[in-house]
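Below: the structure, in structure tokens.
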Amino acid sequence: MALSTSATLAQTTPTTDPALAVPPPAAPASAAPAPGPLSTYGFVDAYYGYDIDHANGNERQFFLYSHGRQNEFTINQALIGLRYDDGRVRGALGLHAGTYVSANYAAEDPVLRHVYEASAGFRPFAKAWLDMGVFGSHIGFESAISKDNWTLTRSIMAENSPYYESGARFTYEVGPKLTLTGLVLNGWQNIRETNQAKALGTQIQWKPSDKVLINSSTFYGNEQPQDSLIRRRYFHNFYITYAASERTNLALVFDVGKQRGLGREKYDTWHTGAVFIKQQLADKLSTTLRGEYYYAERGVIIRSIMPRALDQNFRVAGGSLNLDYSPASNVVFRVEGRYLNGMRGVFARADNADNRSYGNVTTSLALSF
Numbered sequence: 194m195a196l197s198t199s200a201t202l203a204q205t206t207p208t209t210d211p212a213l214a215v216p217p218p219a220a221p222a223s224a225a226p227a228p229g230p231l232s233t234y235g236f237v238d239a240y241y242g243y244d245i246d247h248a249n250g251n252e253r254q255f256f257l258y259s260h261g262r263q264n265e266f267t268i269n270q271a272l273i274g275l276r277y278d279d280g281r282v283r284g285a286l287g288l289h290a291g292t293y294v295s296a297n298y299a300a301e302d303p304v305l306r307h308v309y310e311a312s313a314g315f316r317p318f319a320k321a322w323l324d325m326g327v328f329g330s331h332i333g334f335e336s337a338i339s340k341d342n343w344t345l346t347r348s349i350m351a352e353n354s355p356y357y358e359s360g361a362r363f364t365y366e367v368g369p370k371l372t373l374t375g376l377v378l379n380g381w382q383n384i385r386e387t388n389q390a391k392a393l394g395t396q397i398q399w400k401p402s403d404k405v406l407i408n409s410s411t412f413y414g415n416e417q418p419q420d421s422l423i424r425r426r427y428f429h430n431f432y433i434t435y436a437a438s439e440r441t442n443l444a445l446v447f448d449v450g451k452q453r454g455l456g457r458e459k460y461d462t463w464h465t466g467a468v469f470i471k472q473q474l475a476d477k478l479s480t481t482l483r484g485e486y487y488y489a490e491r492g493v494i495i496r497s498i499m500p501r502a503l504d505q506n507f508r509v510a511g512g513s514l515n516l517d518y519s520p521a522s523n524v525v526f527r528v529e530g531r532y533l534n535g536m537r538g539v540f541a542r543a544d545n546a547d548n549r550s551y552g553n554v555t556t557s558l559a560l561s562f
């Protein structure tokens with residue numbers, strides 16, 4: 194909280210001479226103190242979702258982890274934390290809870306499930322940072338904080354790639370337009386190690402102009418349990434954003450991954466893409482249109498980390514449209530409609546095992562502070 198000081202005017206001897214009746218200048222006001230290196234932050238995302246023709250209780254589709262409940266008023270994510278950065282040393286500690294946490298951290302140690310971020314870092318030399326701990330994923334256009342995303346719900350590609358990571362991260366700021374990052378990780382979205390192998394990651398972010406941002410992120414590792422055969426995973430995430438005008442922004446996102454299958458020579462492949470068009474309708478009102486698809490050979494990653502030879506491929510495509518109202522810079526109320534269509538039975542319901550379509554409406558009120 195900034196402290197304000199009021200200047201006190203010095204008293205002067207009264208005079209009847211108008212030429213001498215000029216008061217002395219006011220004492221200069223004290224400058225506001227510079228912000229300290231320690232800051233706090235918080236975020237709350239309350240939501241209600243309704244699935245059309247839903248017959249599977251309050252759980253949404255198995256591959257949706259954010260805003261994953263329907264016909265229920267609840268909290269997707271409630272987050273509070275501290276961050277420290279004095280330009281040479283930095284660190285962060287954030288704790289969270291909500292349905293997003295219950296779904297994404299179910300496999301983690303109970304002691305660690307509520308850790309949003311916990312890291313420490315320093316500058317080994319100018320323009321570089323070395324951080325260790327738990328931090329946000331270097332993969333993807335969409336993050337765990339819904340308010341920062343163009344759409345309310347996440348694309349299928351974002352839901353089935355890492356939101357968070359645990360390991361060491363080295364970042365080098367080549368210049369104002371180019372940043373390079375290398376990572377050594379415990380694995381693909383896990384805090385605790387699940388085997389004795391470490392994963393590697395890279396990220397390149399290039400901003401050739403004020404209107405364009407290009408990102409390339411990779412992941413390489415063995416994500417099988419300790420007592421399973423080694424199945425290497427190779428993954429690449431690419432996206433580009435373009436500010437077409439002051440009111441229109443575009444984004445194109447594409448992922449492709451391969452993982453060794455049951456045979457030593459066979460790889461299962463998945464690829465997925467999405468297009469986003471965001472339009473500012475008024476000062477406080479905006480809308481985003483999203484189109485997306487997801488294909489996974491034998492359902493690799495999205496249905497199983499170890500698919501069997503005869504497992505069915507996974508194919509889904511669809512779109513969404515959302516309307517956002519921001520009465521203040523740190524508050525947003527959102528309404529989104531979404532429709533997906535896939536292969537026969539991919540959206541099986543208790544009353545329709547062959548169902549291939551799925552629709553929902555989601556509303557959210559999010560506050561950051």
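Note that the numbering used here gives residue 301 to position 108 of the sequence shown, counting from 1, and the numbers run on in steps of one.
Don't be surprised by glycine CBs; every beta carbon is placed ideally from N, CA and C.
- Scanning its chain for C-beta atoms nearer than 6 Å, with the 5 sequence neighbours on each side dropped, one finds around T465 the residues M350, D448 and Y487, in chain order.
- Beta-bridge partners assigned by DSSP to G414: R426.
- For the 8 Å CB-CB criterion, E485 and S336 do not form a contact.
- Q452 has its alpha-carbon roughly 37 Å from the corresponding atom of A239.
- No residue range can be given for V493, since it is assigned to no alpha helix (DSSP H) and is classified by DSSP as neither H nor E.
- Restricting attention to R276, T434 and E490, the CA atom closest to the CA of I470 is found in T434.
- A distance of 8 Å or more separates the beta carbons of N388 and N408.
- Counted as a single uninterrupted DSSP element, the alpha helix (DSSP H) harbouring N297 occupies residues T292 to N297.
- Taken atom to atom, the span from the alpha-carbon of G380 to that of A361 is near 11 Å.
- Going by DSSP, E301 is part of no beta strand (DSSP E) at all; its letter is neither H nor E.
- Within its own chain, the residues whose Cβ lies closer than 7 Å to the Cβ of R316, once the five positions on either side in sequence are excluded, are R281 and W322, listed in chain order.
- Between Y518 and F526, the gap from beta carbon to beta carbon is short of 8 Å.
- For M325, there is no enclosing alpha helix (DSSP H); the enclosing beta strand (DSSP E) has its first and last residue at A321 to G329.
- About 5 Å separates the beta carbon of G261 from that of A296, a gap short enough to meet the 8 Å contact definition.
- For A543, no beta strand (DSSP E) encloses it, and the DSSP letter there is neither H nor E.
- Scanning the segment 334-370 from its first residue to its last, the whole alpha helix (DSSP H) runs of 4-plus residues come out as 349-352.
- Cα atoms of P369 and K320: separation of roughly 10 Å, rounded to the nearest angstrom.
- Scanning its chain for C-beta atoms nearer than 8 Å, with the 5 sequence neighbours on each side dropped, one finds around G329 the residues E310, S336, A337, Y356, Y357 and E358, in chain order.
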